[in-house]
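Structure first, then comments.
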Amino acid sequence: MRESDAHVPHHADEQRYEKAAFRRSGRTGLQLSRFSFGLWQKFGDQHPYSTQRDIVLRAFDLGIISFDLANRYGPPARAAEKNFGRILREDLGAYRDEIVIASKAGNPIGPSPYQSGGSRKTLLSSLDVSLRDLGVDYVDIFYSHSPDLDTPLDETVDALATAVRQGKALYVGISNYRADRAHQAAKLLQEARVPLAIHQTRYSIFDQRADAEGLLDLATADGTGVIAFSPLAQGLLTDKYLDGTIPEDSRAADSAFLSPDAITDVYRERAARLNEIAIARGQSLAQLALQWVLRRSEVTSALIGASSVGQLEHNLRALEAAELTADEIDAINRHASIEPVNVAR
């Protein structure tokens with residue numbers, strides 16, 4: 021190998037914390053960046069590794085310290101964790117103690133009964149595989165990815181607590197749980213002396229069920245943080261579809277997670293009115309939507325993705341705008357009611 025061909029590890033921006041903002045997760049000591057970066061889509065093997073690397077490194081340089089993964093993310097399953105593990109190994113290893121790595125298990129990744137669900141075997145076996153794929157000794161947060169109604173909740177909770185006691189996870193979380201089951205999980209974990217650090221739930225202008233069902237208030241009462249995924253409603257809260265067309269590179273055109281049928285006249289009318297509010301504030305629709313999610317103090321972090329460095333930088337500028345006024349929030353909410361987009365993560 022020629023010297024010029026050798027990989028040069030990334031040297032992080034020394035000013036990366038100057039404008040970074042953090043929130044504490046519930047009543048724990050865990051702090052997350054206001055935006056967390058998710059590798060749910062665009063981080064599988066069909067996307068260039070160099071692009072993935074550029075986005076992750078730029079996110080870290082811009083003050084994002086929390087990265088969200090799952091054994092399911094790819095495709096194929098496990099690909100995102102392997103790719104992120106390579107970035108850690110080759111570029112960010114020196115900064116491991118500054119980075120919050122989250123992994124999840126429980127959503128289906130194969131036909132075996134132990135490739136889905138909330139059993140002790142499923143969760144702990146998956147965690148071992150994720151640690152190998154990531155190339156780390158522990159993850160900072162380990163989630164039960166979805167509730168498994170066929171497995172006793174105390175078994176799922178005990179598996180999460182075991183991960184902490186084994187030193188393979190520092191904190192535990194749940195994802196996609198309804199408010200009542202989340203409350204039960206929090207109580208069981210409290211009894212096990214392993215607090216429920218965070219609950220990951222879908223939350224956006226177009227999907228406010230977490231608020232309507234009392235999940236945000238209950239999380240506060242239980243001392244649990246909240247991380248909001250799909251704050252842009254799979255791209256519906258952007259300007260991509262406002263002109264009546266579906267771009268070839270958009271999720272509605274090339275993703276299994278958003279159907280073109282979602283791009284209705286009713287949607288476009290509501291999105292156009294929201295876009296007018298954003299323009300009046302000097303923002304894009306995406307930036308407005310992200311700021312709306314983070315207006316709630318219960319939301320520890322908003323989980324975003326990106327397919328390019330430019331898109332990442334654009335979305336992070338949401339933090340630069342003035343706070344939303346009560347009148348603006350009322351105006352936003354008048355255009356908020358459309359059928360939520362339900363996807364399996």
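Read left to right, the sequence shown gives residues 21 to 365 (my numbering). Virtual Cβ for every residue (Gly too), placed ideally from N, Cα, C. Every value quoted in this text rests on a predicted model; they were computed, and no experiment measured them.
Check: Just the Cα atoms here: how many angstroms apart are THR182 and LEU208?
Finding: Indexing the sequence shown from 1 puts residue 182 at position 162. Indexing the sequence shown from 1 puts residue 208 at position 188. The alpha-carbon atoms of THR182 and LEU208 are separated by roughly 13 Å.
Notebook entry, point to check: Going by the CB atoms, is the gap between ARG54 and PHE63 shorter than 8 Å?
Noted result: On the sequence shown, residue 63 is found 43 positions in, with the first residue counted as 1. On the sequence shown, residue 54 is found 34 positions in, with the first residue counted as 1. No.
Next item on the list: Report the rounded CA-to-CA distance for LEU365 versus ALA351, giving the unit in angstroms.
Entry: Here residue 365 refers to the residue found at position 345 when the sequence shown is read from its first residue. Here residue 351 refers to the residue found at position 331 when the sequence shown is read from its first residue. Reading the sequence as shown, one finds Arg at residue 365 and not Leu. Cα to Cα, ARG365 sits roughly 31 Å from ALA351.
Next item on the list: Could you pull out every residue in the same chain whose Cβ sits closer than 7 Å to the Cβ of PRO29, ignoring the five residues on either side in sequence?
Entry: Numbered from 1 along the sequence shown, position 9 holds the residue referred to as residue 29. Correct list, in chain order: GLU110 and ASP111.
Note to self: Tell me which residues share the same chain as SER146 and place their Cβ nearer than 7 Å to its Cβ, disregarding the 5 neighbours each side in the sequence.
What the structure shows: Within the sequence shown, numbered from 1, the residue matching residue 146 stands at position 126. Here the set comprises ASN91 and ALA125.
Check: Roughly how many whole angstroms lie between the Cα atoms of LEU154 and ILE218?
Finding: Sequence index remark: in the sequence shown, residue 154 carries index 134 (1-based). Sequence index remark: in the sequence shown, residue 218 carries index 198 (1-based). Distance between the alpha carbons of LEU154 and ILE218 is about 21 Å.
Note to self: According to DSSP, is LYS188 part of a helix, a strand, or is it coil?
What the structure shows: If you number the sequence shown from 1, residue 188 lands on position 168. Three-state result, LYS188: coil.
Check: Beta carbon of ALA189, beta carbon of TYR223: below 8 Å?
Finding: For the purposes of this step, residue 189 is taken as the residue at position 169 of the sequence shown. For the purposes of this step, residue 223 is taken as the residue at position 203 of the sequence shown. Not closer than 8 Å, so no.
Check: What's the C-alpha gap between TYR197 and ALA232?
Finding: As a first step, residue 197 is located in the sequence shown; it is residue number 177 there, counting from the start. As a first step, residue 232 is located in the sequence shown; it is residue number 212 there, counting from the start. The straight-line gap from Cα to Cα measures roughly 14 Å.
Note to self: Just to confirm before moving on: does the CB-CB distance between SER139 and PRO128 stay below 8 Å?
What the structure shows: Residue numbering aside, residue 139 sits at position 119 when the sequence shown is read from its first letter. Residue numbering aside, residue 128 sits at position 108 when the sequence shown is read from its first letter. Not a contact, by the Cβ cut-off of 8 Å.
Next item on the list: Could you spell out where the beta strand (DSSP E) holding ALA248 opens and where it closes?
Entry: To locate residue 248, count along the sequence shown from 1; it is residue 228. First-last of the beta strand (DSSP E) with ALA248: 245-249.
Margin query: Quick check on DSSP: helix, strand or coil for VAL319?
Written below: Within the sequence shown, numbered from 1, the residue matching residue 319 stands at position 299. Strand at VAL319.
Note to self: What would DSSP say about ASP174, mapped onto helix, strand or coil?
What the structure shows: By 1-based counting over the sequence shown, the position of residue 174 is 154. Three-state result, ASP174: helix.
Check: Measuring CB to CB, does LEU294 end up less than 8 Å from ILE225?
Finding: Walking along the sequence shown from the start, residue 294 turns up at place 274. Walking along the sequence shown from the start, residue 225 turns up at place 205. Taking 8 Å as the Cβ cut-off, LEU294 and ILE225 qualify as a contacting pair.
Next item on the list: Run through the segment 124-158 for me and flag every whole alpha helix (DSSP H) of 4 or more residues, listed as ranges in chain order.
Entry: 140-154
Margin query: Quick check: the Cα distance between ASP81 and ILE283, rounded to an integer number of angstroms?
Written below: To locate residue 81, count along the sequence shown from 1; it is residue 61. To locate residue 283, count along the sequence shown from 1; it is residue 263. One C-alpha to the other measures close to 35 Å.
Notebook entry, point to check: Below 8 Å between beta carbons: does that hold for VAL156 and ILE194?
Noted result: Translated into positions along the sequence shown, residue 156 becomes position 136. Translated into positions along the sequence shown, residue 194 becomes position 174. No, these two residues do not count as a Cβ contact at 8 Å.
Check: Since GLY83 contacts ASP65 with CB under 8 Å, what's their CB separation in whole angstroms?
Finding: Mapped onto the sequence shown, residue 83 falls at position 63. Mapped onto the sequence shown, residue 65 falls at position 45. Going by Cβ atoms, the distance from GLY83 to ASP65 rounds to 29 Å, so no, they are not a contact pair.
Notebook entry, point to check: Does DSSP classify PHE162 as helix, strand or coil?
Noted result: In the sequence shown, the residue the question calls residue 162 occupies position 142. Reduced to three states, the DSSP call for PHE162 is strand.
Next item on the list: Report the rounded CA-to-CA distance for ASP259 versus GLY187, giving the unit in angstroms.
Entry: The count along the sequence shown starts at 1 and reaches residue 259 at position 239. The count along the sequence shown starts at 1 and reaches residue 187 at position 167. If I take the Cα positions, the gap works out to 44 Å.
Check: Where does GLY193 sit, in a helix, a strand or coil, going by DSSP?
Finding: The residue given as residue 193 occupies position 173 in the sequence shown. Note: GLY193 maps to strand in three-state DSSP.
Margin query: At the level of alpha carbons, what is the spacing between ARG185 and TYR158?
Written below: Here residue 185 is taken as the residue at index 165 of the sequence shown, counted from 1. Here residue 158 is taken as the residue at index 138 of the sequence shown, counted from 1. Roughly 11 Å between the two C-alpha positions.
Check: Expressed to the nearest angstrom, what Euclidean distance is found between the alpha-carbon atoms of SER304 and ALA326?
Finding: By one-based count along the sequence shown, residue 304 stands at place 284. By one-based count along the sequence shown, residue 326 stands at place 306. Going from the Cα of SER304 to the Cα of ALA326 covers about 16 Å.
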